[in-house]
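Read top to bottom, the protein sequences are chains H and L. One rule links them: number in the numbering used here = place in the first sequence (from 1) + 74. One rule links them: number in the numbering used here = place in the second sequence (from 1) + 263. All C-beta atoms in this analysis are idealised placements derived from N, C-alpha and C, irrespective of residue type, glycine included. In this text the structure is predicted, and so the values were computed from the model without any measurement. The next block holds one structure in the form of structure tokens; read it before the comments.
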Amino acid sequence: DAKTTQPTSMDCAEGRAANLPCNHSTISGNEYVYWYRQIHSQGPQYIIHGLKNNETNEMASLIITEDRKSSTLILPHATLRDTAVYYCIVRVGFQKLVFGTGTRLLVSP
Amino acid sequence: DTEVTQTPKHLVMGMTNKKSLKCEQHMGHRAMYWYKQKAKKPPELMFVYSYEKLSINESVPSRFSPECPNSSLLNLHLHALQPEDSALYLCASSQDQVNTGELFFGEGSRLTVL
């Protein structure tokens, strides 16, 4: 099963772009990369997912390297409400999402 | 309605008690999940139900007993728990088990075992 490696914590100034990296060097060809976030005391929230191509939605952009060994989640204009733990997850089997330790993002004024 | 509703939000129980956690969704999802989350740790998968049948049990102790009475409802029955079982229990649902990774999570039930 592919594992992910993320920095433990990151800081970002409000209004700036937050770029959260994730390494998944053992990912296999049919595994998707998912990003979720968990705001304190709430359930995790789906952000975005992708297989090979870059993806964008109303919340964020996902950039996946050509060799698929790493990816970056981009929050284009971070706000204080984006302070959360961000989980990069590689899909393991059918719907068996395994959460790693995540990155604690702190957005400051 | 894009919500997963969990009750109760907080539960305190003794080690000899029997209690249940309840999860409900009305999105027509056919896969439902229980996760356990200890403080400052990531969620850990416990059980997966697909079309009301248990499809994944991550070697969870038998003092946790899941039940899926219908496609909208998921229960977790608790009996003879230990203090180390104190945690946030998260329920989630998805359209099905195969096609999508978009899990919708509830806010969780915070369990304290005395």
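Practice prompt. Compare the Cα-Cα distances from L377 of chain L to each of L:S357, L:Q345, L:E370 and L:A350 and report the closest residue.
Written response: By 1-based counting over the second sequence, the position of residue 377 of chain L is 114. That would be L:Q345, whose Cα lies nearest to the Cα of L377 of chain L.
Discussion item. Residues of the stretch 284-311 of chain L in Cβ contact with chain H at a cutoff of 7 Å, in chain order, please.
Written reply: Within the stretch 284-311 of chain L, the qualifying residues are A294, P305, P306, L308 and V311.
Worksheet item: What residues of chain L sit near G117 of chain H, judged by a beta carbon separation below 7 Å?
Response: As a working note, residue 117 of chain H is residue 43 in the first sequence. Residues of chain L passing the Cβ test: L353, F368, G369, E370 and G371.
Item to complete: Give every residue of the same chain whose Cβ lies closer than 7 Å to the Cβ of Y110 of chain H, excluding the five residues on either side of it in the sequence, and list them in chain order.
Response: Working through the first sequence from its first residue, we reach residue 110 of chain H at position 36. Answer for Y110 of chain H: P118, Q119, Y120, I121, Y161 and I163, listed in chain order.
Discussion item. At the 9 Å Cβ level, is E365 of chain L part of the contact set with chain H, yes or no?
Written reply: Position 102 of the second sequence holds residue 365 of chain L. Under the 9 Å criterion on CB atoms, E365 of chain L is classed as interfacial with respect to chain H.
Fill in: For Q80 of chain H, the residue or residues it bridges with in DSSP
Here the question's residue 80 of chain H lines up with position 6 in the first sequence. According to DSSP, residue pairing for Q80 of chain H in a beta bridge does not occur.
Worksheet item: Could you give the distance in angstroms between the alpha-carbon of G271 of chain L and the alpha-carbon of D348 of chain L?
Response: By one-based count along the second sequence, residue 271 of chain L stands at place 8. By one-based count along the second sequence, residue 348 of chain L stands at place 85. Residue identity differs from the one stated: residue 271 of chain L is Pro in this sequence, not Gly. Computed Cα separation, rounded: 16 Å.
Discussion item. Could you pull the DSSP bridge partners for D92 of chain H from this structure?
Written reply: Looking up residue 92 of chain H in the first sequence gives position 18. Going by the sequence as given, residue 92 of chain H is Ala instead of Asp. According to DSSP, which records beta bridges pairwise, A92 of chain H is partnered with H:L149.
Worksheet item: Mind pulling the chain L residues with CB within less than 7 Å of G103 of chain H?
Response: For this step, residue 103 of chain H is matched to residue 29 along the first sequence. Chain order gives no chain L residues near G103 of chain H, where near means a beta carbon separation below 7 Å; the closest approach is about 16 Å.
Item to complete: Starting from G174 of chain H, find everything on chain L with Cβ-Cβ shorter than 8 Å and list it in chain order.
Response: Position 100 of the first sequence holds residue 174 of chain H. The contacting residues are P305.
Fill in: Stretch-stretch touch, CB-based, cutoff 8 Å, three pairs: the stretch 149-161 of chain H with the stretch 284-302 of chain L
Contact fails: fewer than three Cβ-Cβ distances are below 8 Å.
Practice prompt. Give me the Cα-Cα distance between A350 of chain L and K143 of chain H, rounded to the nearest whole angstrom.
Written response: Along the second sequence, one-based indexing puts residue 350 of chain L at 87. Along the first sequence, one-based indexing puts residue 143 of chain H at 69. Spanning the alpha carbons of A350 of chain L and K143 of chain H requires a straight line of approximately 33 Å.
Worksheet item: What are the boundary residues of the beta strand (DSSP E) that P329 of chain L is part of?
Response: Counting from one through the second sequence, the residue named residue 329 of chain L turns up at place 66. Here the beta strand (DSSP E) through P329 of chain L covers F327 to N333.
Discussion item. Can you tell me which residues form a DSSP beta bridge with K316 of chain L?
Written reply: The residue you call residue 316 of chain L lines up with position 53 of the second sequence. Under DSSP, K316 of chain L takes part in a beta bridge, and its partners are L:S313.
Worksheet item: Is there a Cβ from chain H that is less than 9 Å from the Cβ of V267 of chain L?
Response: For this step, residue 267 of chain L is matched to residue 4 along the second sequence. Yes, its Cβ sits closer than 9 Å to a Cβ of chain H.
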